[in-house]
Amino acid sequence: MPNSIAGTYIIRNYRDPDADQISNIDFITMLAYRYNGDYEPRNIFCAVDSEGTILGVGHIVPDPAWLAIEAGGKSDDFVYKLKLDIFLNEEISVPESLPHDLYDHLLSRAKDLRARHRGKCVRISHTIPAVDKKEMDFYISKGFDTHRTHLVMKRDLTKEIPDFPLPEGLIVKRWGMETQAEEEQYLAAEAKGDLFGVSWSLNYLRWTKNGEEWNTFTVFNGNDVAGSVMTWGLGEGRSATENIFVLPEWRRKGIAKAVITEALKFLKAKGKTEATLGVFGDNGKAISLYESLGYRMLAVMLEFGLDI
Numbered sequence: 001m002p003n004s005i006a007g008t009y010i011i012r013n014y015r016d017p018d019a020d021q022i023s024n025i026d027f028i029t030m031l032a033y034r035y036n037g038d039y040e041p042r043n044i045f046c047a048v049d050s051e052g053t054i055l056g057v058g059h060i061v062p063d064p065a066w067l068a069i070e071a072g073g074k075s076d077d078f079v080y081k082l083k084l085d086i087f088l089n090e091e092i093s094v095p096e097s098l099p100h101d102l103y104d105h106l107l108s109r110a111k112d113l114r115a116r117h118r119g120k121c122v123r124i125s126h127t128i129p130a131v132d133k134k135e136m137d138f139y140i141s142k143g144f145d146t147h148r149t150h151l152v153m154k155r156d157l158t159k160e161i162p163d164f165p166l167p168e169g170l171i172v173k174r175w176g177m178e179t180q181a182e183e184e185q186y187l188a189a190e191a192k193g194d195l196f197g198v199s200w201s202l203n204y205l206r207w208t209k210n211g212e213e214w215n216t217f218t219v220f221n222g223n224d225v226a227g228s229v230m231t232w233g234l235g236e237g238r239s240a241t242e243n244i245f246v247l248p249e250w251r252r253k254g255i256a257k258a259v260i261t262e263a264l265k266f267l268k269a270k271g272k273t274e275a276t277l278g279v280f281g282d283n284g285k286a287i288s289l290y291e292s293l294g295y296r297m298l299a300v301m302l303e304f305g306l307d308i
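Here full-length UniProt numbering is used: position 280 in the sequence shown is 280, and no number is missing along the way.
Dropping the structure here:
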């Protein structure tokens, strides 16, 4: 249902000229719509009033776990996820029905995508800060429940960063991934190093590469990737240290400590005072590793989901 009237607004699919208004609602989302090919107009819905003002916007976008659905090879109970997000124009008093109508359109679109994959376990997911009870109430009212805890940790870069040597024969490179072959090599390594055997899409990788202050620190054994950490800017003084992985055959050799601290030292030299990362709350080994490197708790995010 690409167009429908609901009270004083219509809900329709995204159009390129909408980006200017959406930038005032959520700037990062606008950038994703413009420059990340994973965000398709048919999966984005805008609520627009009679004067053309966008009152709210929402989208369905593939999670890395969705990207494996065509390739196969996963267990029968593997959960393929689509991420759902809704943003309201906070400068305007919007009708109470609006988020519900946007949600209904998004759910319908998710079910269309799901219908192509009978026999698969498909879930729509949305991640919410643990302090945002109002947003939790909205998704709980739609039948969502919690499926995973995400911890956000921070590292004070004004404090000392220790040295951790790499095993002999390995080196760390700031890897620009300048060709598609290199990008695909990175994504293949990420999938091998991931707990669930999935990676970002090529679209998402390229979008992230174009972001402010992006860098990737990758450990190589010859021409082969052994582990990696990615960084990008999060405003003045703060950067992300994300997409941390080590391939199974290289684990328990100190590679994660070495490459993470290499990235932290780089950020500190650039004048950053804090680095953050996200980690699943049930990944005890990773949490212990990050704490040993000086990361401390910053926030908790809850992943809500609805099986469809």
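Where a beta carbon is used, it is the ideal one built from N, C-alpha and C, also for glycine.
Point to revise | Boundaries of the beta strand (DSSP E) in which Arg123 is found, first to last residue | key: Cys121 to Pro129
Review point. Just checking my contact of Asn13 with Leu55 at CB under 8 Å: how many whole Å lie between their CB atoms?
Key: Not really, about 15 Å apart at Cβ, beyond 8 Å.
Point to revise | Which residues DSSP lists as bridging Asn203, in chain order | key: Note: Asn203 sits in no beta bridge, so no partner.
Exercise for review: Assign Arg296 to buried or exposed, taking buried as 16 or more other Cβ atoms, counted over all protein chains shown, within 10 Å of its Cβ.
Suggested key: It is exposed - the Cβ of Arg296 has fewer than 16 other Cβ atoms within 10 Å.
Check your understanding: Counting along the chain, where does the beta strand (DSSP E) carrying Glu242 start and finish?
Key -> Arg238 to Val246
Check your understanding: How would you label Asn24, buried or exposed, when you count the other beta carbons within 10 angstroms and need 16 or more for buried?
Key -> exposed
Practice item. Kindly identify the DSSP beta-bridge partner or partners of Tyr295. Key: Arg155
Check your understanding: Over what stretch of residues does the beta strand (DSSP E) that includes Tyr80 continue unbroken?
Key -> Val79 to Leu88
Practice item. Would you please state the rounded distance, in angstroms, between the beta carbons of Arg116 and Ile60? I believe it to be under 8 Å. Key: The pair is not a contact, with the Cβ atoms about 14 Å apart (cut-off 8 Å).
Check your understanding: Would DSSP call Ala275 helix, strand or coil?
Key -> Note: Ala275 maps to strand in three-state DSSP.
Exercise for review: Tell me whether Phe280 sits in a helix, a strand or coil according to DSSP, three-state version.
Suggested key: strand
Exercise for review: Could you tell me how far apart the beta carbons of Val79 and Ala65 are, in whole angstroms, since I believe they sit closer than 8 Å?
Suggested key: 6 Å
Practice item. Give me the Cβ distance between Glu212 and Gly233, rounded to the nearest whole Å; I'm assuming they're in contact under 8 Å. Key: Yes, Glu212 and Gly233 are in contact; Cβ-Cβ is about 4 Å, under 8 Å.
Exercise for review: Verify whether the separation of the beta carbon atoms of Ala256 and Gly281 is less than 9 Å.
Suggested key: no
Practice item. Identify which residue in Phe217, Ser75, Tyr35 and Arg155 has its Cα closest to the Cα of Ile287. Key: Arg155
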